[in-house]
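Q: Residue numbers (my numbering): -8 to 247. Next up is a structure, given as C-alpha cells.
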C-alpha cells in the first residue's frame, strides 16, 4: 500500500526520514525499488537519498539493492537513552536524599557554549528565579556549565568561545576566557564548581559533572542553588561536597 508523505519542512529531509521509518518497519530488508514504490517517490530520488544515507552510516546495503538500518543510528539512540536515564536517576536521587530537598537542585546538559536545563526540583526556600525545563544559559556563568567544561581540554573550551565570551548577566559574570579557564581549573582541583552570583544577583550555585559509561566528558551537570546570605566557607564546602557526592552517585548509576 502506497504511503502518503507529509511534505511539511525541507522535502529532502522529510523523504529521508520516511525512508528510514519504512526500512525500520520492514521485517526483511526491502529493495530500493520497493521503498520507492511504497513511498510513491521517483526511483532516481530514492536512489540518491539512499546512497547519501548509506554514506552517512544511517542505512546499510544488504545483497543486491536491499537496505537495512545502519549502525550510526545507535549513536542517537544511545544519546536519547542516556538523557532519559539521566533524568530518571536525578529525580530518584532527589527523592532519596533529604539533604537535597532543602535546596533548589537542577540538572543540565551542555549544548555548545550553553547549558540546557532538563530537570529541576525546587527547595523550601524561594530563590526568586525559576529554572524552566528547556531554558538555556551561558555555560561560562553557570555552576553546571563550569562543572561540565572541567571535563574538556582547555583548547576545546577556547574553541567553544572562539567568537568571544557571552554578554554578562550580572556584574559578577566572568568576562574573559582566561578567567573562565582559571575557574575551570579550580573545579578540576576540588571536584565542584561555584557560580558566585554570575547568573543572578544574590544567588550562589554549587555544581559537579556527571559522567556516563566510558565517557571522557560529562554527560550532564548537577547544581545546588542557595541565596547569597546563606553562603559561608563552611556552607561552600558542605554544598560543594554534596553536589560532588551526588554527581558521583549518578555517574556510578549510569556506568561512569
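From the three backbone atoms N, C-alpha and C, an ideal C-beta is built for every residue, glycine too.
Going by CA-CA distance only, name the one from 181, 209, 191, 190 that's closest to residue 229.
A: The residue labelled residue 229 in the question sits at position 238 within the chain shown. Nearest option by C-alpha distance: 181.
Q: Are at least three pairs of beta-carbons, each pair with one atom in the region 185 to 193 and one in the region 155 to 165, less than 8 Å apart?
A: Short answer: they touch.
Q: Going by beta carbon distance, what residues of the same chain come within less than 6 Å of residue 183, once the five residues before and after it are set aside?
A: The residue given as residue 183 occupies position 192 in the chain shown. Same-chain partners within the cutoff: 197, 199, 231, 234, 235.
Q: Could you check what DSSP says for residue 126 in three-state terms: helix, strand or coil?
A: The residue you call residue 126 lines up with position 135 of the chain shown. In the structure shown, residue 126 sits in coil (DSSP, three-state: anything other than H, G, I, E or B).
Q: Quick one: Cα of residue 240 to Cα of residue 55, how far?
A: Position 249 of the chain shown, counting from 1, holds the residue named residue 240. Position 64 of the chain shown, counting from 1, holds the residue named residue 55. Straight-line Cα distance between these residues: approximately 50 Å.
Q: Only counting the same chain, and skipping five residues up and downstream in sequence, which positions put a Cβ closer than 8 Å to that of residue 15?
A: Start at 1 with the first residue of the chain shown, and residue 15 comes out as number 24. So the qualifying residues of the chain are 60.
Q: Grab me the residues of residue 33's own chain with a C-beta within less than 8 Å of its C-beta, minus the 5 sequence neighbours each way, in chain order.
A: Residue mapping note: residue 33 aligns to position 42 of the chain shown, counting from 1. 27.
Q: When the Cα atoms are used, what is the spatial distance from residue -8 to residue 41?
A: For the purposes of this step, residue -8 is taken as residue 1 along the chain shown, with counting starting at 1. For the purposes of this step, residue 41 is taken as residue 50 along the chain shown, with counting starting at 1. Only weak support is given to the placement of residue -8: the predicted model assigns it a pLDDT of 46, under 50, and the value that follows is read from those uncertain coordinates. Roughly 21 Å between the two C-alpha positions.
Q: Cα-Cα, which of 148, 2, 123 is closest to residue 130?
A: Along the chain shown, read from residue 1 onward, the residue named residue 130 stands at position 139. If we check each option's Cα against that of residue 130, 148 comes out closest.
Q: What is the C-beta distance between residue 245 and residue 24, in whole angstroms, given that I count them as a contact (C-beta under 8 Å)?
A: Here residue 245 is taken as the residue at index 254 of the chain shown, counted from 1. Here residue 24 is taken as the residue at index 33 of the chain shown, counted from 1. No, residue 245 and residue 24 are not in contact; Cβ-Cβ is about 44 Å, not under 8 Å.
Q: Can you give the beta carbon distance from residue 127 to residue 109, rounded, assuming they're within the 8 Å contact cut?
A: Against the chain shown, residue 127 aligns to sequence position 136. Against the chain shown, residue 109 aligns to sequence position 118. About 11 Å separates the two Cβ atoms, so there is no contact after all.
Q: I'd like the list of long-range same chain contacts for residue 215, defined as Cβ closer than 6 Å, with 5 residues on each side in sequence excluded.
A: Here residue 215 refers to the residue found at position 224 of the chain shown. The answer, listed in chain order, is 94, 96, 197, 230, 234.
Q: What distance in whole Å lies between the Cβ atoms of residue 237 and residue 210, which are believed to be in contact at a cut-off of 8 Å?
A: Residue 210 sits at position 219 when you count from the first residue of the chain shown. Residue 237 sits at position 246 when you count from the first residue of the chain shown. Not confirmed; about 15 Å, so no contact.
Q: Taking only the alpha-carbon atoms, compute the straight-line gap between residue 178 and residue 48 and give it to the nearest angstrom.
A: The sequence position of residue 178 within the chain shown is 187, counting from 1. The sequence position of residue 48 within the chain shown is 57, counting from 1. C-alpha separation (whole angstroms): 38 Å.
Q: Rounded to whole angstroms, what is the Cα-Cα separation between residue 89 and residue 82?
A: Counting from one through the chain shown, the residue named residue 89 turns up at place 98. Counting from one through the chain shown, the residue named residue 82 turns up at place 91. Those two C-alpha atoms are separated by around 12 Å.
Q: Once you ignore the five residues that flank residue 242 on each side, which residues in its own chain have a CB closer than 6 Å to its CB?
A: Against the chain shown, residue 242 aligns to sequence position 251. So the qualifying residues of the chain are 201, 202.
Q: On the CB-based measure, 16 or more other CB atoms within 10 Å of its CB, does residue 19 come out buried or exposed?
A: For this step, residue 19 is matched to residue 28 along the chain shown. Label assigned to residue 19: exposed.
Q: How is residue 120 classed by DSSP in three states: helix, strand or coil?
A: Translated into the one-based positions of the chain shown, residue 120 becomes position 129. Residue state, collapsed to three classes: coil.
Q: Indicate the three-state DSSP secondary structure (helix, strand or coil) for residue 214 in the structure shown.
A: In the chain shown, the residue the question calls residue 214 occupies position 223. Looking at residue 214 - three-state DSSP - the assignment turns out to be strand.
Q: Quick one: what's got a C-beta closer than 8 Å to residue 85's C-beta in the same chain, skipping five residues either side?
A: Residue numbering aside, residue 85 sits at position 94 when the chain shown is read from its first letter. Excluding residues within five positions, the ones whose Cβ falls inside 8 Å are 91, 92, 96, 112.
Q: I need the DSSP call for residue 2, collapsed to helix, strand or coil.
A: Start at 1 with the first residue of the chain shown, and residue 2 comes out as number 11. Reduced to three states, the DSSP call for residue 2 is helix.
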